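Before any comments, here is the structure.
Number of protein chains: 4
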Amino acid sequence: MRSYEVKNRTKTKDIKALRLITAIKTPYLPDGRFDLEAYDDLINLQIVQGAEAVIVGGTTGEGQLMSWDEHIMLIGHTVNCFGASIKVIGNTGSNSTREAIHATEQGFAVGMHAALHINPYYGKTSINGMISHFESVLPMGPTILYNVPSRTGQDIPPSVVQSLAKSPNFAGIKECMGHDRVKQYTSGGIVVWSGNDDECHDSRWNFGATGVISVTSNLVPGLMRELMFRGKYPSLNLKLMPLIKWLFEEPNPIALNTALAQLGVVRPVFRLPYVPLPHPKRVQFVKIVQELGREHFVGDKEVQALDDDDFILVGRY
Amino acid sequence: MRSYEVKNRTKTKDIKALRLITAIKTPYLPDGRFDLEAYDDLINLQIVQGAEAVIVGGTTGEGQLMSWDEHIMLIGHTVNCFGASIKVIGNTGSNSTREAIHATEQGFAVGMHAALHINPYYGKTSINGMISHFESVLPMGPTILYNVPSRTGQDIPPSVVQSLAKSPNFAGIKECMGHDRVKQYTSGGIVVWSGNDDECHDSRWNFGATGVISVTSNLVPGLMRELMFRGKYPSLNLKLMPLIKWLFEEPNPIALNTALAQLGVVRPVFRLPYVPLPHPKRVQFVKIVQELGREHFVGDKEVQALDDDDFILVGRY
Amino acid sequence: MRSYEVKNRTKTKDIKALRLITAIKTPYLPDGRFDLEAYDDLINLQIVQGAEAVIVGGTTGEGQLMSWDEHIMLIGHTVNCFGASIKVIGNTGSNSTREAIHATEQGFAVGMHAALHINPYYGKTSINGMISHFESVLPMGPTILYNVPSRTGQDIPPSVVQSLAKSPNFAGIKECMGHDRVKQYTSGGIVVWSGNDDECHDSRWNFGATGVISVTSNLVPGLMRELMFRGKYPSLNLKLMPLIKWLFEEPNPIALNTALAQLGVVRPVFRLPYVPLPHPKRVQFVKIVQELGREHFVGDKEVQALDDDDFILVGRY
Amino acid sequence: MRSYEVKNRTKTKDIKALRLITAIKTPYLPDGRFDLEAYDDLINLQIVQGAEAVIVGGTTGEGQLMSWDEHIMLIGHTVNCFGASIKVIGNTGSNSTREAIHATEQGFAVGMHAALHINPYYGKTSINGMISHFESVLPMGPTILYNVPSRTGQDIPPSVVQSLAKSPNFAGIKECMGHDRVKQYTSGGIVVWSGNDDECHDSRWNFGATGVISVTSNLVPGLMRELMFRGKYPSLNLKLMPLIKWLFEEPNPIALNTALAQLGVVRPVFRLPYVPLPHPKRVQFVKIVQELGREHFVGDKEVQALDDDDFILVGRY
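Residue numbers (the numbering used here), protein chains in the order written: chain A, 420 to 736; chain B, 420 to 736; chain C, 420 to 736; chain D, 420 to 736.
As structure tokens, this is what we get:
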């Protein structure tokens, strides 16, 4: 299903150069379908405020709650509308090799610039199985690996990464295992994006990381841009910590979803199994916004705590 | 799922102006998946030789043999690679209103310029049901209706078309019911594309049709371009008749699939229930090509009769 | 995917012996999902009043508006709940050979007793293609062909039927082409079920048909049982004609759906593109019920004309 | 989509009484589709040798590598063929609430006796989200929860289990967190099945567990039956340890898949990302079989080490 015509066929080195990649939120209509107007606004804000790429349908974007046809449509939509202004990285990974192959073929066919690939979570597999899994999709185009053992239950060991890094399509790894692992890779010439917003400043400036694949940048893209581009900036990093901590007290994207609704940039609609943060946490977010300054956050409505009744939770969609 | 960002959002009047629209063939790999490289070559040939639009996944393109995710992917792919050079019209119609709604939303989201909509074939419905069906999808974007009772078992009567024509998204109708019906519409200001290649010259020049949605233009796009653009040209029309007759002796796209394989521009792979024309018919095609001139046909390999063993038929894919 | 364990593996001759087969209605909940409680009641009524088999997801049961997973689930459900009391024939046909193969494998795996197979409608194909299509599914189990050119746009010619009839899995044909065609088959030993309720009495008693695959028996199973079992019974046939005519004035199952809602045995929910018959037709049905006698119809609520507002039409489900 | 007709509607207390439940292997044909004949043989062996229930499409049965229509079909097939002899528990859980709802509705509709539900792995959620997730499916029928943090990355805390245990549909929990957790539940009247074969004997006889949901019983169902039924039997437990250890050195079901192929009861076909154990491990298994006694293992062919070339790995299926 390869095609030579793929427009703007991205070179791996262009992916390697990205510093600020936002794992973009997927907003919903009250019936649970995608709210593409709100989505387009979110992407526009990312472009205007300096993000260089988005992950479409990552764990933050709730790819795990999409059907594959929704997921590929969203990738194609993003490419079609914004592909000239921002790199579009599709999270076409899966714990099923079949699904990863199918989605990655389709994602590149509709123009995504790179794929994000997770190791087989939940079902897990052996090291040889993991390598076979990644080798099934790596030939298709520029690829970022994603290592997050707290979600997958299984570490991608450096030996696997180093072996896959020989492929010309290997762009780098989104790594959540901390500075030592980051340094181990970057000292060997492997591109790393931090997968932990609270560590990304230090990973970038002290341990050789190229940048971050960020959740926080959904909210404050401009500040995250400064954090990744302006050189060491510990005071900003410190200033962001309360926000980042608040964001990850519950499994992501629960707090992010709540925050974006409070900022008035997405409707307060949750696809189960996600539910909003409770009211006291929402009040806390209002304060965080006021302290950091509303102007740094996306949107221009007043931040609100919202009532429990404002939220819509959907199980069938 | 509406979006204001859809790139190159096409105006209905731009669709109304199209004269040569090719119902493009979908080529396959030996395992039955799409052969996107061959597909891209076919589209390029259409662009170079003057087609202004393609129908993706029409009956000619075997949309009826695609899963919806394949279908939407192909639309997104075509937009992404060629959308700046040629209009992409997705056949997102279905006999199931649910499927038509879902596919049309997704098709416009990935950037298609217009939708082609058939009335509910096989299951059929009442006139009121037909109107409800079309009204479920018409608000989504520029729309071409498709009337082909020999396939659907049910005529879309003029009263329905005239009622739907009031919508600003109504672009026109692909009509297969002959010159009288064409004239009835065009005299009332409704745009018509002929759905019958053997009638399209006369429909265009004598009965007010705007153009054709053509199968034959897969093979000889340049000649079909002349037929639609150069003014009355009965000698060319006559010259094309043997080819057109040959193309429709069996249900389309059987002959087209066979011909494109014989011309060496697609692999000789058929998705069942389609099977190649028998050898004597293939020999006949070689003669037709020689008589019309190989240079008018797509591709540059020698036309071949092929052996029965050259063809691959796939039922599981 | 074959299995030797399939419980109650039905012999083709047991299928051949069936006289009254009901193309069962699929009832819906207000959100468009299946109403399995109402469905189970309908099946129970069929069993009690003498139907010997049901077609699940036929055109009457709106298989064309189901996703395949819904369709196979409904077959599995019917087998699981009623398979010991009534034969379950799954309409696993499709105009896509791939889909027909997949659905038929799955249908037999979940225990259906026979498959109903249509020729490729809408897309159509050549005679050789038609044969290849049927031969892809015939080896899987007992099979009934279905010929209804008014829906498919293409006749299955006797030569094809006679050729397929050699398979030990060929049970017979549901034929809508009239008495002559019926006689042609039955005189050659091919089992025929009439596909036209208005002709079924004569087809059965004068032209050798084994029975009927009936729409009308959804409403009056007991009377249809008499028509197929008691010997020539022209007075009953005549008495049923107004009901049968009323049922087929619009494409089936529009009138059937309306009637069952009026009888109070299903909720007045329509999946588009079907919409209820207009009020005057519904008043007509009330009269027909009164004339034939309410006691012959399924259910025990009073028949009602219903208001337009009582009906729910669903496009997304 | 509820139905009162569901045959053999199982009472929760019948599920609570099960002691030996096998998480059954799904065998494949060389093209990756299900090998239903081999599957039926495996189920028959379980019935004959004393298993009381099977989990269909668990992590052992590779539900994570199935499409939902395959999965539901396999549940329906198992009910249809074996539902009178063995309880059929469908693993209709998912990290997507939508998918869990859809699959559980369908699973009960085709007759499964109980559902197995995992908490949302990979995507994870808050405690409130977890409760909402389970409450979306618990009303549908008898339910077993499944807690395996090493796969899901998130523990189901006792507070959640105790809260859900109030539902009449709550049958119990498959718990992998060890004896203390087991005891905590059983002392409070909550039914527990051990999810760890190496601990199941002690959990059952010393900590109040009702039984085991076992992987090992795929290989030696008779011995596992003795372990769960005959009373304390430490010598048998000790004898089984080398086999159990061997089975879990790599993520399950890698070793199980390899072992069943070596025993000749399934074809040596693996769906990626699973790959067979390497040759030395296979030689080890041959010795384990010889030491325990071939007669205790399923099948009657000689156990073989097999060559690497004997295995078929499939990524597209």
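Note that the Cβ used here is the ideal one computed from N, Cα and C, for glycine as well.
Because the structure is a prediction, the values reported are computed rather than measured.
- Within the stretch 537–588 of chain A, complete beta strand (DSSP E) segments of at least 3 residues are found at 562–566, given in chain order.
- Collapsing the DSSP output to three states places D:Leu437 in coil.
- The criterion of a C-beta distance shorter than 8 Å is not satisfied by C:Met559 and B:Pro692.
- Separation of B:Leu493 and B:Ser636 (C-alpha to C-alpha, rounded to the nearest whole angstrom) is 20 Å.
- Per the coordinates, the alpha-carbon of C:Pro661 lies some 46 Å from the alpha-carbon of A:Arg452.
- In this structure B:Glu714 is exposed. Its beta-carbon is surrounded by fewer than 16 other beta-carbon atoms within 10 angstroms.
- A direct Cα-Cα distance of roughly 49 Å separates C:Phe667 from A:Phe527.
- The beta-carbon separation of A:Val708 and A:Val685, rounded to 15 Å, does not stay under the 8 Å limit for a contact.
- DSSP, reduced to helix, strand and coil, places D:Lys506 within a strand of the structure shown.
- D:Tyr447 has D:Phe453 as its beta-bridge partners, per DSSP.
- Against chain A, a Cβ distance below 7 Å from B:Ala528 picks out Leu455, Met492, His496.
- Nearest neighbour of B:Gly641 by Cα position, chosen from B:Phe716, B:Asp454, B:Pro699, turns out to be B:Phe716.
- Membership of D:Ser633 in the beta strand (DSSP E) is indicated by the continuous run 630–633.
- Minimum Cα-Cα distance from A:Pro568 among the listed residues D:Ile563, D:Asp621, D:Gly542, D:Gln603 corresponds to D:Gly542.
- Put simply, the stretch 465–472 of chain B does not touch the stretch 509–523 of chain B. Fewer than three CB pairs are less than 8 Å apart.
- Taking a contact as a CB-CB distance under 8 Å, the pair C:His598 and C:Thr562 does not count as one, their CB atoms being some 24 Å apart.
- The three-state secondary structure of B:Val611, taken from DSSP, is strand.
- Sixteen is the threshold: when 16 or more other Cβ atoms of the shown chains lie within 10 Å of the Cβ of C:Asp488, as they do, the residue is buried.
- By the 16-neighbour rule on beta-carbons within 10 angstroms, A:Ser555 is buried.
- By the neighbour-count criterion, in which a residue is buried when 16 or more other Cβ atoms sit within 10 angstroms of its Cβ, C:Val694 is buried.
- The C-beta distance from D:Lys593 to D:Gly614 rounds to 5 Å, short enough to fall under 8 Å.
- When Cβ-Cβ separations below 8 Å define contact, B:Asn510 makes no contact with chain A.
- Residues of the stretch 681–693 of chain C with a C-beta atom less than 9 Å from some C-beta of chain B are Phe689, Arg690, Leu691, Pro692, Tyr693, listed in chain order.
- Across the stretch 501–525 of chain C, CB contacts with chain D closer than 7 Å involve Gln525, in sequence order along the chain.
- By the criterion of at least three beta-carbon pairs nearer than 8 Å, the stretch 576–590 of chain A is in contact with the stretch 603–610 of chain A.
- Counted as a single uninterrupted DSSP element, the beta strand (DSSP E) harbouring C:Val475 occupies residues 472–475.
- Taking C-alpha positions only, A:Ala628 is separated from A:Gly591 by approximately 10 Å.
- Restricting attention to B:Gly650, B:Leu557, B:Leu448, B:Tyr540, the CA atom closest to the CA of C:Pro670 is found in B:Tyr540.
- Secondary structure note for A:Leu675: it is in no beta strand (DSSP E), and the uninterrupted alpha helix (DSSP H) holding it is 673–681.
- If you draw a straight line from the Cα of D:Ala436 to the Cα of D:Asp459, it comes to about 24 Å.
- Of all residues in the stretch 569–592 of chain B, only Ser569, Arg570, Thr571, Gly572, Gln573 place a beta-carbon less than 8 Å from a beta-carbon of chain C.
- Bounds of any beta strand (DSSP E) do not take in D:Arg649, whose DSSP letter is neither H nor E.
- Distances from the CA of D:Val634 to each of D:Leu679, D:Pro699, D:Asp433, D:Ser545 were compared; the closest alpha carbon is that of D:Leu679.
- Here DSSP, grouped into helix, strand and coil, assigns A:Val722 to coil.
- Secondary structure note for A:Arg735: it is in no beta strand (DSSP E), with a DSSP letter that is neither H nor E.
- Put simply, the CB of D:Pro670 is near chain A, with a gap under 8 Å to one of its CB atoms.
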